[in-house]
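I have placed the structure first, in the form of structure tokens, so that the comments after it can refer back to it.
2 protein chains.
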Amino acid sequence: IDAHIHVESSMLDPRIFAGEVVPRGTGAVIADPHEIANVLGVEGIRYFLQAAKGLPMDLFIMVPSCVPATSLETSGACIDEKAVAELLGMDGVVGLAEMMNFPGVIGAAPDVLAKIQAAGTARIDGHAPGLRGKALNAYLAAGMSTDHETIGIDEGREKLARGIHLLVREGSSERNLAALAPLANEYTSPRMSLACDDRTALDLLRQGHMDHSIRRAVAEGIPPIRAVAMATLNTAEHYRLRGKGAVAPGFLADLACVGSLKQMDVRMTFHRGRLAAKDGRIAEPIEILEAPAVRKTMRIGRLDAGMLKMKACSGDVPVIEIVPGQIVTRATSGRPVISAGFFESDPGKDILKLVVVERHTGRAGMSLGFVRGFGLRMGAMASSVAHDSHNLIAAGVSDQDMIAAMREVVRTGGGLAFAAGGRVAASLPLEIAGLMSRLPAPAVCAKLEELAKAASDNGCRIESPFAVLSFLALPVIPELRLTDKGLVDVMSQKIIG
Amino acid sequence: IDAHIHVESSMLDPRIFAGEVVPRGTGAVIADPHEIANVLGVEGIRYFLQAAKGLPMDLFIMVPSCVPATSLETSGACIDEKAVAELLGMDGVVGLAEMMNFPGVIGAAPDVLAKIQAAGTARIDGHAPGLRGKALNAYLAAGMSTDHETIGIDEGREKLARGIHLLVREGSSERNLAALAPLANEYTSPRMSLACDDRTALDLLRQGHMDHSIRRAVAEGIPPIRAVAMATLNTAEHYRLRGKGAVAPGFLADLACVGSLKQMDVRMTFHRGRLAAKDGRIAEPIEILEAPAVRKTMRIGRLDAGMLKMKACSGDVPVIEIVPGQIVTRATSGRPVISAGFFESDPGKDILKLVVVERHTGRAGMSLGFVRGFGLRMGAMASSVAHDSHNLIAAGVSDQDMIAAMREVVRTGGGLAFAAGGRVAASLPLEIAGLMSRLPAPAVCAKLEELAKAASDNGCRIESPFAVLSFLALPVIPELRLTDKGLVDVMSQKIIG
Numbered sequence: 005i006d007a008h009i010h011v012e013s014s015m016l017d018p019r020i021f022a023g024e025v026v027p028r029g030t031g032a033v034i035a036d037p038h039e040i041a042n043v044l045g046v047e048g049i050r051y052f053l054q055a056a057k058g059l060p061m062d063l064f065i066m067v068p069s070c071v072p073a074t075s076l077e078t079s080g081a082c083i084d085e086k087a088v089a090e091l092l093g094m095d096g097v098v099g100l101a102e103m104m105n106f107p108g109v110i111g112a113a114p115d116v117l118a119k120i121q122a123a124g125t126a127r128i129d130g131h132a133p134g135l136r137g138k139a140l141n142a143y144l145a146a147g148m149s150t151d152h153e154t155i156g157i158d159e160g161r162e163k164l165a166r167g168i169h170l171l172v173r174e175g176s177s178e179r180n181l182a183a184l185a186p187l188a189n190e191y192t193s194p195r196m197s198l199a200c201d202d203r204t205a206l207d208l209l210r211q212g213h214m215d216h217s218i219r220r221a222v223a224e225g226i227p228p229i230r231a232v233a234m235a236t237l238n239t240a241e242h243y244r245l246r247g248k249g250a251v252a253p254g255f256l257a258d259l260a261c262v263g264s265l266k267q268m269d270v271r272m273t274f275h276r277g278r279l280a281a282k283d284g285r286i287a288e289p290i291e292i293l294e295a296p297a298v299r300k301t302m303r304i305g306r307l308d309a310g311m312l313k314m315k316a317c318s319g320d321v322p323v324i325e326i327v328p329g330q331i332v333t334r335a336t337s338g339r340p341v342i343s344a345g346f347f348e349s350d351p352g353k354d355i356l357k358l359v360v361v362e363r364h365t366g367r368a369g370m371s372l373g374f375v376r377g378f379g380l381r382m383g384a385m386a387s388s389v390a391h392d393s394h395n396l397i398a399a400g401v402s403d404q405d406m407i408a409a410m411r412e413v414v415r416t417g418g419g420l421a422f423a424a425g426g427r428v429a430a431s432l433p434l435e436i437a438g439l440m441s442r443l444p445a446p447a448v449c450a451k452l453e454e455l456a457k458a459a460s461d462n463g464c465r466i467e468s469p470f471a472v473l474s475f476l477a478l479p480v481i482p483e484l485r486l487t488d489k490g491l492v493d494v495m496s497q498k499i500i501g
Numbered sequence: 005i006d007a008h009i010h011v012e013s014s015m016l017d018p019r020i021f022a023g024e025v026v027p028r029g030t031g032a033v034i035a036d037p038h039e040i041a042n043v044l045g046v047e048g049i050r051y052f053l054q055a056a057k058g059l060p061m062d063l064f065i066m067v068p069s070c071v072p073a074t075s076l077e078t079s080g081a082c083i084d085e086k087a088v089a090e091l092l093g094m095d096g097v098v099g100l101a102e103m104m105n106f107p108g109v110i111g112a113a114p115d116v117l118a119k120i121q122a123a124g125t126a127r128i129d130g131h132a133p134g135l136r137g138k139a140l141n142a143y144l145a146a147g148m149s150t151d152h153e154t155i156g157i158d159e160g161r162e163k164l165a166r167g168i169h170l171l172v173r174e175g176s177s178e179r180n181l182a183a184l185a186p187l188a189n190e191y192t193s194p195r196m197s198l199a200c201d202d203r204t205a206l207d208l209l210r211q212g213h214m215d216h217s218i219r220r221a222v223a224e225g226i227p228p229i230r231a232v233a234m235a236t237l238n239t240a241e242h243y244r245l246r247g248k249g250a251v252a253p254g255f256l257a258d259l260a261c262v263g264s265l266k267q268m269d270v271r272m273t274f275h276r277g278r279l280a281a282k283d284g285r286i287a288e289p290i291e292i293l294e295a296p297a298v299r300k301t302m303r304i305g306r307l308d309a310g311m312l313k314m315k316a317c318s319g320d321v322p323v324i325e326i327v328p329g330q331i332v333t334r335a336t337s338g339r340p341v342i343s344a345g346f347f348e349s350d351p352g353k354d355i356l357k358l359v360v361v362e363r364h365t366g367r368a369g370m371s372l373g374f375v376r377g378f379g380l381r382m383g384a385m386a387s388s389v390a391h392d393s394h395n396l397i398a399a400g401v402s403d404q405d406m407i408a409a410m411r412e413v414v415r416t417g418g419g420l421a422f423a424a425g426g427r428v429a430a431s432l433p434l435e436i437a438g439l440m441s442r443l444p445a446p447a448v449c450a451k452l453e454e455l456a457k458a459a460s461d462n463g464c465r466i467e468s469p470f471a472v473l474s475f476l477a478l479p480v481i482p483e484l485r486l487t488d489k490g491l492v493d494v495m496s497q498k499i500i501g
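Protein chains in written order, with our numbering: chain A, 5 to 501; chain B, 5 to 501.
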């Protein structure tokens, strides 16, 4: 059981995701469909609930608690306390997902408290990065019972001592097992679970899912039996997953058959007593849903190079600087090259144009800025995955390539694209809400590799340029971001121009 | 937290009970009001819920699952699946109480399954004395999650291995800590709790409540921190008692302040952050409720010696034989003395008349039998506590004394009485449903001691004659019982005459 995952992070349709993880021994995931909810609201969550039906694993849903995450960008939907209450009444919905707005909780913001109240006695996941002392107490007093953002051992110890059920995260972008494994002893380990939070399709295929997490936990010194409990019983009990997490009378026969608890070499998976997968292959093919309601989400009309024109002004302009290997950015400044009175991307100084175009309302509000750190010498990339509102974002050397890449993303109903020399070099369609693909996992991985190669071939010197691009619009992580509403100074939570 | 108790076993009003246990550090009990429910049904449970209000401890209720327990006696009420569902919706009701009818569960009796279904996702307590192997599996598969009837270590190990949350019972009549303490290790102890099941007022005053259970657990080798968890956190988590069981942010400040975890010398008790008791005294007096609805429950008209006449027949008659120290009885036979063509009690052979008079419907149906083992030389005793239907039961040497004792019980609105030489020697009024007294605990204890002394002065040679008497009508424990409907052969579950 994955205690906390954003399935969207795999870019796989939830049913295709299931087809990949079930042969690796996964019996259930507790998903926070935060991304699709920011695009489609309740409709997106309904899609997950519908996709969950008839799967050879359980796809439990936590209701996203922070949709929209801020008012500094235009999201596709809003989930208020009424929607929270309504969703919590649905089959397969097990709680309120990570309450990311911890300042709102601590400051007792009425809308935040209303959602917590709407959760009633259901579990509420926490999200308390670095929160300590009295601020942590205040946050917990409001009812959150877990945290998966813990990275340090002292922080983890403090959180366990305050009653938090600790979700030890080992995902694609954040890996905390090495730091937190020493905390798992005979008293604490029943109060700890394993979670991925996010997991790329590439990592799923290469490393695995919870099988990988358990192997990692054992490698970090956690006894196999405790590691298994952290990925099964502990999670099922905390989230009150009826009939899950144990092999005993009265429990459902969700079984992973392994050769060794240390190797987690899953040979067969059973779901509710039926063979679900054997020797790495799913027992029965999983059809994905047609679901037209979640597909046409790129509500953008004409895109042309004229919209990217920026009249030059005197002096330096703000530049978002990428910090390699982290999702924080630095607020710097610079002076892009000027041509015919307009600012242009300047690959010599590694200053690229950045654009965010709103894609939910049809009004296509947009804003422009600059970014440093991609190292692109040519071409442009565009993406409909742009946390948290997932507007259309693009960065590039030439306006023409930016437009070409964005047009490709719109054409495919959402996705990732790289264009150079006026033509599309690679693209991955993400037709489901502009976040997930309907393609099989190996095809998604192949296209992701093509995209990475196209970027690299054009001079990009960072490893996951599309992942970095997807965070440049996220106005809750310091220091400087660009949303459809403008350039955001994160610390002051203000649009600065 | 007492994980399972029949408060009625203390013969104290629930609010008086609270006044006794709170100074001993009890913050909550999970009560199964099985006894009052057999007399008053939903009305009796409402009384408990009402009594719970404003107490300096929590009185959580499990809905009695077996009312009536059998059709071999006349109970005062019936709680069917509809009532179960209705009660489970009420504040303070946390689950379905011990499912005593395990043959009904295993045999899939429709009325039993209907109640289980009505419980939905609420916790259901088990009651599985000696149940092992496939029978145990079948029982658990129906949804029971605990057991407090385990007496042997192998039985306990098997139950833990099958996922049961084990309630280790240390009560007044059954004491299982010595046998089960060795089972509590680093893996199992989070899946174990302490419970009293029953606790007499005398034991409460002399030994204590959960403070005593924790002392006993520690004396049996369980580390104090685990013993405390077994009486707090483990129980709160299993029964999903929100905000209970831990000292941490987000939890209610229910605290017992002790000098030593081993001694459990409770000096102060706090409930929801307020001082509830200090130095053995409750902080604010607890008023008991008037509650006329639960008082007039002895619906019996005239009682006279003529009703005890038994026309003699030839040959031996069945005699219920008490087994000292156990609640099983033996089916024996004997020949009582005959006077003027009627059977009479025969103290020489220790054969006493036994009578059960139905007290719920007003029809006062009754039956007569014989019992061996009390050793009474004179007098008679009567009680309105007679498991499970709590009809009026009496045993004695002379018909006049039996009538005198029974009249006293009816006069006091229910209770216990001993009469000798035509007058009442001692009595304890149990006005609440004929089960619990409105007197303070020390007064109840004093009267219980007077009753025991009266019995002993009149030749009784068993230690708790009223407790033994209260079980002589219980038609679910072998071998021979007397109910208002007649003499019951327990193994065949038939009325034999």
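Glycine is no exception: its CB is placed at the ideal position from the N, C-alpha and C atoms.
Residue i - DSSP class collapsed to helix/strand/coil
| i | result |
| --- | --- |
| alanine 398 (chain A) | strand |
| cysteine 261 (chain A) | strand |
| histidine 8 (chain B) | strand |
| glutamate 362 (chain A) | coil |
| methionine 410 (chain A) | helix |
| threonine 273 (chain A) | strand |
CB contact check: residue i to chain B, cutoff 8 Å
| i | result |
| --- | --- |
| threonine 236 (chain A) | no |
| arginine 246 (chain A) | yes |
| asparagine 395 (chain A) | no |
| proline 194 (chain A) | yes |
| alanine 240 (chain A) | no |
| asparagine 180 (chain A) | no |
| asparagine 141 (chain A) | yes |
| threonine 125 (chain A) | yes |
Which listed residue (the options) has its alpha carbon closest to that of residue i
| i | options | result |
| --- | --- | --- |
| glycine 124 (chain A) | A:Glu24, A:Gly329, A:Leu91 and A:Val262 | A:Leu91 |
| alanine 368 (chain A) | A:Leu307, A:Met382, A:Ala344 and A:Lys313 | A:Leu307 |
| alanine 2 (chain A) | A:Ala223, A:Leu164, A:Gln211 and A:Ile218 | No information on residue 2 (chain A) is available, as it lies outside the stretch 5 to 501 that chain A covers here. |
| threonine 416 (chain B) | B:Thr273, B:His169 and B:Glu435 | B:Glu435 |
| isoleucine 9 (chain B) | B:Asn42, B:His152, B:Gln54 and B:Ala146 | B:His152 |
Under 8 Å between C-beta atoms of residue i and residue j
| i | j | result |
| --- | --- | --- |
| glutamate 77 (chain A) | aspartate 488 (chain A) | yes |
| leucine 473 (chain B) | arginine 485 (chain B) | no |
| leucine 16 (chain B) | methionine 440 (chain B) | yes |
| valine 88 (chain A) | alanine 122 (chain A) | yes |
| aspartate 202 (chain B) | glycine 175 (chain B) | yes |
| histidine 275 (chain A) | methionine 61 (chain A) | yes |
| glycine 160 (chain B) | leucine 187 (chain B) | yes |
Chain A contact for residue i (CB, 8 Å cutoff)
| i | result |
| --- | --- |
| asparagine 42 (chain B) | no |
| phenylalanine 255 (chain B) | yes |
| glycine 167 (chain B) | yes |
| glycine 147 (chain B) | yes |
| threonine 154 (chain B) | no |
The ligand ADP heavy atom lying under 7 Å from the CB of residue i
| i | result |
| --- | --- |
| cysteine 464 (chain B) | Judged by which ligands are present, the structure shown has none, so any question about the ligand ADP falls away. |
message: I'd like to know if the segment 415-435 of chain A and the segment 396-405 of chain A are in contact, where contact means that at least 3 CB-CB pairs between them fall below 8 Å.
response: In short, these stretches touch, since the Cβ pair count reaches three.
task: Could you tell me whether the segment 217-231 of chain A touches the segment 258-267 of chain A, where touching means 3 or more Cβ pairs closer than 8 Å?
output: Contact between the segment 217-231 of chain A and the segment 258-267 of chain A is present, because at least three Cβ pairs lie under 8 Å.
message: I'd like to know if the segment 60-72 of chain A and the segment 86-106 of chain A are in contact, where contact means that at least 3 CB-CB pairs between them fall below 8 Å.
response: Contact between the segment 60-72 of chain A and the segment 86-106 of chain A is present: 3 or more CB-CB pairs across the two stretches fall below 8 Å.
message: Pairs of beta-carbons, one from the segment 34-48 of chain B and one from the segment 460-470 of chain B, closer than 8 Å: are there three or more?
response: Under the Cβ criterion (8 Å, minimum of three pairs), the segment 34-48 of chain B does not count as touching the segment 460-470 of chain B.
Contact the segment 242-256 of chain B vs the segment 141-149 of chain A: 3+ CB pairs below 8 Å: Contact between the segment 242-256 of chain B and the segment 141-149 of chain A is present, because at least three Cβ pairs lie under 8 Å.
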